[in-house]
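For reference, the structure is listed below as structure tokens.
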Amino acid sequence: MAIFLGLDIGGANTKLCWLEMKNGSVVRAEGASVYHEVWRDPEGLLGVLESFKQDQKRISDSSFLQGVALTMTAELCDVFQSKAEGVLAILRLVELVFAGVPIYVWTTDGVFLSVTEARKAPQQVAAANWLASAVALARSPLIKTSSALFVDMGSTTTDILPLVKGEVAVRGRTDVDRLLHGELVYTGVLRTPVQAIVQSVFVNGLLCKVTSEYFSISADVYRLLGLLKEEDYDVATPDDGGRDLAACARRLARVVASEPEILGRNGIYGLARYVKEMQIQQVLEGIWQVLSRLEEPWPKRLISAAQGAFLIEEAARRLEWEVIPWWKCLPGGQKDCALTAFAVTWLLAVQCGA
Numbered sequence: 001m002a003i004f005l006g007l008d009i010g011g012a013n014t015k016l017c018w019l020e021m022k023n024g025s026v027v028r029a030e031g032a033s034v035y036h037e038v039w040r041d042p043e044g045l046l047g048v049l050e051s052f053k054q055d056q057k058r059i060s061d062s063s064f065l066q067g068v069a070l071t072m073t074a075e076l077c078d079v080f081q082s083k084a085e086g087v088l089a090i091l092r093l094v095e096l097v098f099a100g101v102p103i104y105v106w107t108t109d110g111v112f113l114s115v116t117e118a119r120k121a122p123q124q125v126a127a128a129n130w131l132a133s134a135v136a137l138a139r140s141p142l143i144k145t146s147s148a149l150f151v152d153m154g155s156t157t158t159d160i161l162p163l164v165k166g167e168v169a170v171r172g173r174t175d176v177d178r179l180l181h182g183e184l185v186y187t188g189v190l191r192t193p194v195q196a197i198v199q200s201v202f203v204n205g206l207l208c209k210v211t212s213e214y215f216s217i218s219a220d221v222y223r224l225l226g227l228l229k230e231e232d233y234d235v236a237t238p239d240d241g242g243r244d245l246a247a248c249a250r251r252l253a254r255v256v257a258s259e260p261e262i263l264g265r266n267g268i269y270g271l272a273r274y275v276k277e278m279q280i281q282q283v284l285e286g287i288w289q290v291l292s293r294l295e296e297p298w299p300k301r302l303i304s305a306a307q308g309a310f311l312i313e314e315a316a317r318r319l320e321w322e323v324i325p326w327w328k329c330l331p332g333g334q335k336d337c338a339l340t341a342f343a344v345t346w347l348l349a350v351q352c353g354a
């Protein structure tokens with residue numbers, strides 16, 4: 001029996017996956033996620049990692065932690081002067097916590113590096129988690145001989161990645177190239193400011209420009225629409241207030257410099273529905289950009305992942321495509337695991353011949 005641990009360290013969420021392997025098969029997969037704002041407290045990440053390490057106590061003494069698979073996006077946080085500085089800071093903390101355990105760092109070249117090698121090539125390490133997910137899915141029995149469009153919509157961003165006959169058919173590797181090619185869309189279901197989704201909305205039959213203040217985020221919208229539970233709203237609120245419906249309505253009303261009592265129930269609900277519609281359009285625009293360069297016939301299958309699966313399903317419905325949750329594609333995949341953490345762990349386990 002071999003145990004592997006995978007880490008996907010983001011600027012807001014750090015995700016973990018424990019993977020227990022035997023004879024090439026997943027025996028057990030467990031996931032966890034902790035919200036921690038790296039841009040506010042980069043050194044606080046040490047405590048997050050230490051808490052993950054304590055989970056090893058749940059593993060029997062006969063088990064062996066064979067390696068740690070690491071990927072990250074937190075290096076983009078503006079607390080760091082450059083991506084390279086962020087990568088080096090994260091590597092240092094991971095190495096401190098998991099001293100004595102082999103650490104394998106995933107890259108945008110689709111290979112693992114040692115920590116020593118990663119320090120020499122920090123740009124290859126930056127923002128590589130999307131590729132781990134895509135490579136793992138491309139090796140899935142469902143995709144090896146066919147095609148699909150993989151859409152991963154998380155709290156902050158959306159990845160739109162074509163998988164064609166076992167290959168990840170992307171144009172971009174760096175974040176800026178992925179933005180240029182529509183493969184990365186900066187829109188998510190929790191942390192996206194409403195004014196980044198809409199520039200104007202309809203109020204009382206008239207077009208009203210929104211404020212440019214940080215009043216409300218997408219999580220407020222989906223709480224009001226009943227698509228997110230209060231416990232799923234696991235990011236900081238713009239006003240450090242509550243996550244109940246009244247608090248969400250108050251924040252959303254401020255987007256048009258108003259209040260729920262003035263807009264009324266229908267006004268608030270209509271505002272939320274309109275923002276949702278525009279965010280779906282942001283995702284569909286990225287999908288159409290990617291599809292426009294693919295040879296027909298198009299795959300007509302979407303693989304969905306992360307918190308925004310409900311919006312991905314709506315996009316698939318409009319395209320009249322089949323939608324498949326990621327954990328139904330990867331052997332041993334679990335719904336409660338984050339795909340990025342599961343994928344990087346699984347790829348390491350396969351490489352090690354577990």
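Under full-length UniProt numbering, the first residue of the sequence shown carries the number 1, and numbering increases by one thereafter. Using N, Cα and C, we set each Cβ at its ideal position, and we do this for glycine too. What you are looking at is a predicted structure, and each value in this text was computed from that prediction instead of being measured.
1. Helix or strand or just coil, what does DSSP make of GLY182?
2. Between which two residues does the beta strand (DSSP E) harbouring TYR35 extend?
3. Expressed to the nearest angstrom, what Euclidean distance is found between the alpha-carbon atoms of THR157 and GLY11?
4. For SER212 and ARG254, I'd like the C-alpha separation in whole angstroms.
5. With DSSP as the reference, label ARG301 as helix, strand or coil.
6. Closest to ARG28 by C-alpha separation, out of CYS352, THR345 and ALA305, would be which residue?
7. Which of helix, strand or coil does DSSP assign to LYS120?
8. Please name the residue in PHE64, GLY67 and THR116 whose C-alpha comes closest to that of VAL87.
9. With DSSP run on the structure shown, which of helix, strand or coil describes GLY6?
10. Measure the alpha-carbon distance for GLU43 versus LEU93 and round it to whole angstroms.
11. Between HIS181, ASP152, ALA138 and ILE103, which lies nearest to LYS165 when the distance is taken from Cα to Cα?
12. Check ASP244 in the structure and name its three-state DSSP category.
13. Around the C-beta of residue 375, are 16 or more other C-beta atoms found within 10 angstroms, so that it is buried, or is it exposed?
14. Under the three-state reduction of DSSP, which class applies to ALA354: helix, strand or coil?
15. Based on the DSSP output, what are the partners of MET21 in its beta bridges?
16. In three-state DSSP terms, what is LYS15?
17. Spell out the partners DSSP gives TYR104 in its beta bridges.
18. How is VAL323 classed by DSSP in three states: helix, strand or coil?
19. Where do the N-terminal and C-terminal ends of the alpha helix (DSSP H) with PHE64 fall, by residue?
20. Could you compute how far the alpha carbon of ILE90 sits from the alpha carbon of ASP177?
21. Report the start-end ranges of each beta strand (DSSP E) in the segment 182-266 that is 3 residues or longer and not cut off at the edges.
22. Taking 7 Å as the limit between beta carbons, can you name the residues of its chain near GLN351, skipping five residues before and five after?
23. What separation, rounded to the nearest whole angstrom, lies between the Cα atoms of SER62 and GLY110?
From the atom records:
1. coil
2. 25-35
3. 12 Å
4. 10 Å
5. strand
6. THR345
7. helix
8. THR116
9. strand
10. 8 Å
11. ALA138
12. coil
13. What the structure shows of the chain is the stretch from 1 to 354, and residue 375 is not part of that stretch, so it cannot be assessed.
14. coil
15. ALA2 and VAL26
16. strand
17. ALA69 and SER114
18. strand
19. That residue, PHE64, is in no alpha helix (DSSP H); it is neither H nor E in DSSP.
20. 24 Å
21. 200-203 and 206-209
22. PHE112
23. Reliability fails at SER62, whose pLDDT of 43 lies under 50, so the model's placement of it is uncertain and no value is given.
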